[in-house]
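So for the sequence shown, our numbering puts the first residue at -5; every next one is plus one. Ideal Cβ positions, reconstructed from N, Cα and C, are used throughout, including at glycine. Since the structure comes first, as structure tokens, the remarks are kept for the end.
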Amino acid sequence: MAPHAALSPQEAADRLAIRELVDAYAHCADRRDAEGQLALFTEDTRFLVFEDATTTEPTRDLHGRQALAPVFAQLNTYQATTHFNGQSTVVLDGERATGESYCLAHHLAAAPGGARTIMVAAIRYLDAFVKQDGRWLFAERRLLVDWTESRLCRP
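Structure representation (structure tokens):
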């Protein structure tokens, strides 16, 4: 990757704000703050889930902020989750931007006999961002699951 040219203060601020948006999404998910998570999206957002990243048709195609509530509520089926955000790229275009970010999402659930299961999902997000009223939001988020691994954790 080529080194960056000097960033203007505004571009640096926009890049930081977008990274904080991506991190806020993971934080809200792990804290079960569905309202906070919903607030990170535009009213007319689109959220697509590809449970198999190699397919062209989404498993879910949701339109509008309120349509996301059931997706975020599904996290309540787990005892705990931890999302580790990894590398990300952002391309700025004025009040709009696109990006790709990687995440390892860990999902801990109860299993019979007092054991627990852990499911790890390697996720890529393809995002479209928009700046509204000075604040960056998700205009579209495509969640692509590259792979998953599940295992039993003994008590």
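Report the rounded CA-to-CA distance for Leu120 versus Leu138, giving the unit in angstroms.
So the alpha carbons of these two residues sit roughly 8 Å apart.
Output the distance between the C-alpha atoms of Leu86 and Ala6, rounded to the nearest integer angstrom.
Leu86 and Ala6: Cα-Cα distance of roughly 10 Å.
Quick one: what does DSSP say Thr111 is sitting in, helix, strand or coil?
Thr111: strand per DSSP, three-state reduction.
Looking at the secondary structure, which residues open and close the alpha helix (DSSP H) in which Tyr19 lies?
That run of the alpha helix (DSSP H) goes Pro3 to Arg25.
Quick check on Ala67: does DSSP put it in helix, strand or coil?
In this structure, Ala67 counts as helix in the three-state DSSP scheme.
How do the stretch 17 to 27 and the stretch 65 to 75 stand: do at least 3 beta-carbon pairs fall below 8 Å, yes or no?
In short, these stretches touch, since the Cβ pair count reaches three.
Going straight from the alpha carbon of Phe159 to that of Gln73, what length do you get?
Here the chain has residues from -5 to 149 only, and residue 159 is not among them.
Cα separation between Thr50 and Ala116?
Distance between the alpha carbons of Thr50 and Ala116: 18 Å.
Whose CA, out of Asp127, Arg148, Met113 and Val124, lies closest to the CA of Trp141?
For Trp141, the nearest C-alpha among the options comes from Met113.
Do you know offhand how far Leu11's Cα is from Leu62's?
The question names Leu, yet the displayed sequence has Ala at residue 11. For Ala11 and Leu62, the distance between alpha carbons rounds to 22 Å.
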